[in-house]
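> A single structure is presented below for examination.
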Amino acid sequence: MGFLQDIAPVLQKHKLTFLEKRHETGNITSFFFQSEDSITWKAGQHGILSFSRKLKGGSWRGFSIASHPDEAVVHISTRITEKPSAYKQALSELTPGDQISMRGPFGPFYLDGSQKPVVLIAGGIGITPYRSMIMHAALHKDQAPSAMQLLYADNAEQYAYRQEFEEVVSQNDFIKADYLTSLTLASNLSACVRDWGNNAGYYISGSGKMIGSVKKSLIEQRIAKRNIKHDLFLGL
């Protein structure tokens, strides 16, 4: 798909009904919504979720969709700190049946459909789009890469979805996952580069600083820019 086609769904607006929330790990919480109408998206894309009322700091935020297209819910995850923003406070206070709106999902951050290996590099809450990608690939092996290597770095060692990932890895030989910190990420990434070089695609999701650092490292290791993708929303 072209860039304009990837972005066009931002014009589509959906009503979402809040179902429930679930604590994942540390200060990460997942929120689950049901759409009033049918929504299609590519695993890895994100949506803009908005409250109808005004909130200090803005009434909307962008979130990668953690659920995959075959799941019947819109699932997002985010960090809720002791002193959250007005938006995250409102998110935390949702009760079942409450409604918000979503634009999208949209964006170019998804697997390209080829069978070449992929390295999925996550920093902290940047793991969210990879849950969608990994779960979707496990269900649709005929459309999946020949190998998927997740490199999940979190300095607090609080790894969201770890139990789900470990179950999927145990059932799918082509999916691997390593749980790292920023100190161990570099060596594991270099090992992937040695094994696959430019025969793989490299996906990066995390803070802007983390994305810039990993992208710089990959380019220094002679990975072509065409083989590097980063999460549009988290990377800006």
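Taken in order, the sequence shown gives residues 1470 to 1705; the numbers are from this note's numbering. Beta carbons are placed, not taken as given, at the ideal position from N, Cα and C, and that holds for glycine.
1. With DSSP as the reference, identify every bridge partner of residue 1671, one or two as the case may be.
2. Of the choices 1594, 1491, 1542, 1517, whose alpha-carbon is the least far from that of residue 1562?
3. Would you tell me roughly how many angstroms separate the C-alpha atoms of residue 1502 and residue 1518, rounded to the nearest one?
4. Could you have a look at residue 1543 and say whether DSSP puts it in helix, strand or coil?
5. Give the C-beta separation of residue 1549 and residue 1534 to the nearest angstrom, bearing in mind that I take them to be a contact with Cβ-Cβ under 8 Å.
6. Using only alpha-carbon positions, find the residue among 1583, 1642, 1536 that is nearest to residue 1514.
7. Return the CA-CA distance between residue 1634 and residue 1600, expressed in angstroms with no decimal places.
8. State the Cα-Cα distance for the pair residue 1650 and residue 1660, rounded to the nearest angstrom.
9. Taking Cβ to Cβ, would you say residue 1621 is nearer than 8 Å to residue 1655?
10. Please classify residue 1625 as buried or exposed, where buried requires at least 16 other C-beta atoms within 10 Å of its C-beta.
11. Does the count of Cβ pairs from the stretch 1479-1487 and the stretch 1568-1586 closer than 8 Å reach three?
12. Would you mind stating whether residue 1488 and residue 1565 have Cβ atoms separated by less than 8 Å?
13. Who are the near neighbours of residue 1557 in its chain, counting only those whose CB is closer than 7 Å to its CB and skipping five residues on each side?
14. Mind checking if residue 1478 is an interface residue toward chain B, Cβ cutoff 8 Å exclusive?
15. Taking all protein chains shown into account, decide if residue 1705 is buried (16 or more other Cβ within 10 angstroms of its Cβ) or exposed.
16. Can you tell me which of the three DSSP states residue 1474 falls into?
17. Whole angstroms are fine: how far does the CA of residue 1652 sit from the CA of residue 1581?
18. In three-state DSSP terms, what is residue 1642?
19. Given a threshold of 16 other Cβ atoms within 10 Å of its Cβ, counted over all protein chains shown, does residue 1609 qualify as buried or as exposed?
20. As an exercise, report each continuous beta strand (DSSP E) stretch of at least 3 residues that is fully enclosed by the stretch 1606-1659, in chain order.
Let's see:
1. 1588, 1697
2. 1491
3. 11 Å
4. strand
5. At roughly 18 Å, the Cβ-Cβ gap does not stay under 8 Å, so residue 1549 and residue 1534 are not in contact.
6. 1536
7. 8 Å
8. 16 Å
9. no
10. exposed
11. yes
12. yes
13. 1547, 1549
14. The structure shown contains no chain B; it is built from a single protein chain.
15. With a pLDDT of 33 at residue 1705, under the threshold of 50, the modelled position of this residue cannot be trusted; read the value that follows with caution. Looking at its Cβ environment, which holds fewer than 16 other Cβ atoms inside 10 Å, residue 1705 is exposed.
16. helix
17. 30 Å
18. coil
19. exposed
20. 1617-1622, 1644-1649
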